[in-house]
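Okay, so here's the structure we're looking at.
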Amino acid sequence: MNRTNVSRVRLASGIGMPTCFLLRKCTRSQTQVKVKAKRGGVGLNIRRKTQQALRLRGTHARAQAYESLGGSPSGSRKPGHRNRTRPLSRGWSKKSTTAGAAVVSPSTCTCSGGGGGGGRLPPPRATAFSGGGDGGEGDGDGGGKVPLGYASFLALILLTSKSLVCWCASDPETAFMSIDLGFLTFLGWLCLFAFRTAPLAVIRPFLIELGSAIIMEEMLFSMVLVNKIRPELDHKITKDFLVHHIASGIMGWLALYFCSRAPGTDMVGVGVVGTEVTTFLPVAFRESVRSKKIKESGISAVLGVLFPLAFCWRTYWSSKMWLRLLSVGRNYIATNPPVFQQFLWRTGEASVLTVVGSNVVWTYRILRGSLKIVMKNITGKKLDEKHFQKEIR
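Residue numbers (the working numbering): 20 to 412.
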């Protein structure tokens, strides 16, 4: 019997049955794996297509939401840019918007696309404060307030820094005047921005406190510290400086007191402090006289134009703030506050009027001096340096 016949006999007698069974089972398992793999690939493709459809629906919903908020979802994208969805962020909820204005906050904003697809807005790229009021000139209060004392601390830091600089400088008067003009110019423009812009309403009390603290710091430094630090300087203050600063200090602290009691007081406070944007001009005039550059045609022409115009505006603006304060006062007095608070309010009105009067006097002196310069240039006469030296004392 050959080997082939032996194999046939073994298969017929059942000796090779386990081996045949294992071969059939292995073949069937391979076939099932192939079928499942094919079906899984189809299911994977279906899932991918479904995710792409949902992503497109979410993108469409996000675009509609941006357009309803007044934005342009595709304005900042480059041509051919692929729109990719951002990961969903937690804590987003739906909030209705009022007509004519949309409110977006990090915790309250979603949009849902129609047809079952939903896309959530990403967090806004810019955060805006919302101030109350009609928004005409920025009226209204902001949300939170800056705690009291921060501005006074800044004034103390300025006093310390200025004292150290004057102690080390060869020309202390120019040094501390330059420090003051830089700080007050910045503060003045910031106050004007806060007056015009509603989102900055939240820092108006802070700016009023800062301006009042700076006034007290200037008086303390000019009347006491500068001569203690540099006795040879013999620095003296003028009567108009003293009157203006005392009235400004009273006005500032009372404005801070009434910010939460009489609506509109904060507007007047930052408006009056905003007049400090003209501080650089007296310092420039003083330095031009000391360096004898006032005789140069370019410097005299620039100062002769800017100086009168700036102080005319300063007088007009402070007068406008005083009239505005009277209007706020009528509304406040109509609420029948206590007698002591009425007295404080009238004191504040008188202090603002004093500040206006100081600006009127300074504007008159500047106009008179500018007119003299113009007339002497026309007639060909030389400028009298003694007159300028008297003005800067």
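We treat Cβ as the ideally placed atom computed from N, Cα and C, and that holds for glycine. This structure is a prediction, so every number in the text was calculated from the model and none was measured.
Would you mind reading off the limits of the alpha helix (DSSP H) that contains Phe240? Under the DSSP assignment, Phe240 falls outside any alpha helix (DSSP H); it carries neither an H nor an E label.
Please check the pair Val262 and Thr373, which I expect to be a contact at CB under 8 Å, by giving their CB distance rounded to whole angstroms. Contact annotation, Val262 with Thr373: C-beta distance approximately 7 Å; criterion of less than 8 Å satisfied.
Apply the 10 Å Cβ neighbour rule to Thr297 and answer buried if 16 or more other Cβ atoms are within range, or exposed otherwise. With 16 or more other CB atoms across the displayed protein chains lying within 10 angstroms of its CB, Thr297 is buried.
Report buried or exposed for Cys187, applying the criterion of at least 16 other Cβ atoms within 10 angstroms of its Cβ. By the neighbour-count rule (16 or more Cβ atoms within 10 Å), Cys187 is not buried but exposed.
CA-to-CA distance, Arg215 to Asn350, given in whole angstroms: C-alpha separation (whole angstroms): 22 Å.
If I measure Cβ to Cβ from Ile222 and keep anything under 7 Å in the same chain, skipping five residues before and after, which residues do I get? Scanning its chain for C-beta atoms nearer than 7 Å, with the 5 sequence neighbours on each side dropped, one finds around Ile222 the residues Val165 and Ala213, in chain order.
Checking 9 Å against the spacing of the C-beta atoms, do Ser316 and Gly268 come in under that value? No, the Cβ-Cβ distance between Ser316 and Gly268 is not below 9 Å.
Proximity winner among Gly201, Ile248, Arg67 and Leu300, relative to Gly382 (alpha-carbon distances): One detail in the question is off: residue 382 reads as Thr in this sequence, not Gly. When each option's Cα is compared against that of Thr382, the closest is Leu300.
Neighbourhood of Asp253 by C-beta, 8 Å cutoff - its chain only, sequence neighbours within 5 removed: Its chain contains Asn246 as the residues whose beta carbon lies nearer than 8 Å to that of Asp253, once the 5 sequence neighbours on both sides are disregarded; these appear in chain order.
Within the continuous alpha helix (DSSP H) that includes Val184, where are the two ends? Val184 -> alpha helix (DSSP H) spans Tyr169 to Cys187.
Alpha-carbon to alpha-carbon, Gly323 and Phe362: Computed Cα separation, rounded: 42 Å.
Quick test of your reading: Glu295 and Leu206, contact by CB under 8 Å. State the CB separation rounded to the nearest angstrom. The beta-carbon distance between Glu295 and Leu206, rounded to whole angstroms, is 6 Å. This is short enough to meet the 8 Å contact definition.
In whole angstroms, what is the alpha-carbon distance linking Ala217 and Asp285? The straight-line gap separating the alpha-carbon atoms of Ala217 and Asp285 is approximately 12 Å.
State the DSSP-derived secondary structure class of Ile227, mapped to helix, strand or coil. Helix.
Look at the alpha carbon of Glu306 and the alpha carbon of Phe202, and state the distance between them as a whole number of angstroms. Cα-Cα distance, rounded: 18 Å.
Could you give the residue range of the alpha helix (DSSP H) that holds Asn246? It spans Val245 to Ile248 - the alpha helix (DSSP H) in which Asn246 sits, taken as one unbroken run.
Where does Ser346 fall in DSSP's three states? In the structure shown, Ser346 sits in a helix (DSSP, three-state: H, G or I).
So for His263, helix, strand or coil by DSSP? Helix, per DSSP.
Tell me whether Thr373 sits in a helix, a strand or coil according to DSSP, three-state version. In the three-state scheme derived from DSSP, where H, G and I count as helix and E and B as strand, Thr373 is classed as helix.
Buried/exposed call for Val393, threshold 16 Cβ in 10 Å: Label assigned to Val393: exposed.
Express the C-alpha separation of Phe260 and Ile313 in angstroms, rounding to a whole number. The straight-line gap from Cα to Cα measures roughly 23 Å.
Can you tell me whether Leu209 is buried or exposed? The criterion is at least 16 other CB atoms within 10 Å of its CB, across all chains shown. Burial of Leu209 is indicated by the presence of at least 16 other C-beta atoms within 10 angstroms of its C-beta.
Could you give the distance in angstroms between the alpha-carbon of Val371 and the alpha-carbon of Ala266? Rounded to whole angstroms, the separation of the alpha carbons of Ala266 and Val371 is 7 Å.
Residue interval of the alpha helix (DSSP H) (run including Glu192): Run containing Glu192: Pro191 to Arg215, per the alpha helix (DSSP H) assignment.
Would you tell me roughly how many angstroms separate the C-alpha atoms of Ala329 and Ser310, rounded to the nearest one? In a straight line, the C-alpha of Ala329 is about 23 Å away from that of Ser310.
Rounded to a whole number of angstroms, what is the C-alpha to C-alpha distance between Thr179 and Ala353? When rounded, the distance between both Cα atoms is 44 Å.
Do Ala281 and Trp336 have their beta-carbon atoms positioned less than 9 Å apart in this structure? Annotated as distal: Trp336 and Ala281, with beta-carbon spacing of 9 Å or more.
Note down the Cα distance separating Leu342 from Gly290, rounded to an integer number of angstroms. Rounded to whole angstroms, Leu342 and Gly290 show a C-alpha spacing of 12 Å.
When the Cα of Glu237 is compared with those of His264, Cys185, Ile227 and Glu368, which residue comes out closest? The alpha carbon of Glu237 has as its nearest neighbour, out of His264, Cys185, Ile227 and Glu368, the alpha carbon of His264.
Separation of Arg74 from Met340, as counted between CA atoms: If you draw a straight line from the Cα of Met340 to the Cα of Arg74, it is about 56 Å long.
Rounded straight-line distance, which links the Cα of Gln71 to that of Thr433: Given a span of 20 to 412 for the chain in the structure shown, any question on residue 433 remains unanswerable.
Is DSSP giving Gly283 helix, strand or coil here? Note: Gly283 maps to coil in three-state DSSP.
Suppose the cutoff is 6 Å on Cβ atoms and the five residues either side in sequence are ignored; what does the same chain contact list for Ala375 look like? The amino acid occupying residue 375 in the given sequence is Val; Ala does not appear at that position. Annotation for Val375: Ser337, Ser338 and Trp341 place their beta carbon closer than 6 Å to its own, counting only its chain and skipping 5 residues before and after.
Does the separation of the CB atoms of Ala170 and Phe225 fall below 9 Å? In this structure, Phe225 lies closer than 9 Å to Ala170 by Cβ.
Under a Cβ-count criterion, where at least 16 other Cβ atoms within 10 Å of its own Cβ denotes burial, should Pro191 be classed as buried or exposed? Within 10 angstroms of the beta-carbon of Pro191 lie 16 or more other beta-carbons, which makes it buried.
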